[in-house]
Structure formats: structure tokens, C-alpha cells
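Here this note's numbering is used: position 21 in the sequence shown is 378, and no number is missing along the way. Notes for the one structure printed next.
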Amino acid sequence: MTAYEQLVKQIEESFKYSNADAEEYAKKLKDMALEEYRKDFKNA
358 MTAYEQLVKQ IEESFKYSNA DAEEYAKKLK DMALEEYRKD FKNA
């Protein structure tokens with residue numbers, strides 16, 4: 358199981374969303390995290 362799949366599974370278990378909603382939420386979280394890393398590297 359990939360890290361992404363684990364994240365989706367955790368979200369499914371933590372929230373009362375449908376699988377599609379959980380997957381969309383996981384994508385948004387991933388995008389937000391990647392954007393924060395980009396900002397940190399630009400400022401380094």
C-alpha cells in the first residue's frame with residue numbers, strides 16, 4: 358500500500374465521508390503539503 362493509499366484509508370476511517378470524498382480530501386492535503394515544502398525550499 359502506497360503512502361497515498363494509506364492516507365486515503367486513514368481519512369476514510371477518521372471522517373464520515375464517502376470514498377470519493379476521502380480521496381479528493383487526500384489530494385487536497387497532499388497538494389497543500391507540497392506547496393508548503395516548495396515555499397520552504399524557496400526561502401532556504
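Using N, Cα and C, we set each Cβ at its ideal position, and we do this for glycine too.
Which class does Phe372 belong to by DSSP, given the choice of helix, strand or coil?
The answer is coil: DSSP assigns Phe372 none of H, G, I, E or B.
Pull up the distance between the alpha-carbon of Met389 and that of Ala379, whole angstroms please.
Going from the Cα of Met389 to the Cα of Ala379 covers about 15 Å.
Less than 7 Å separating the beta-carbons of Ala383 and Leu364?
Yes, the Cβ-Cβ distance between Ala383 and Leu364 is below 7 Å.
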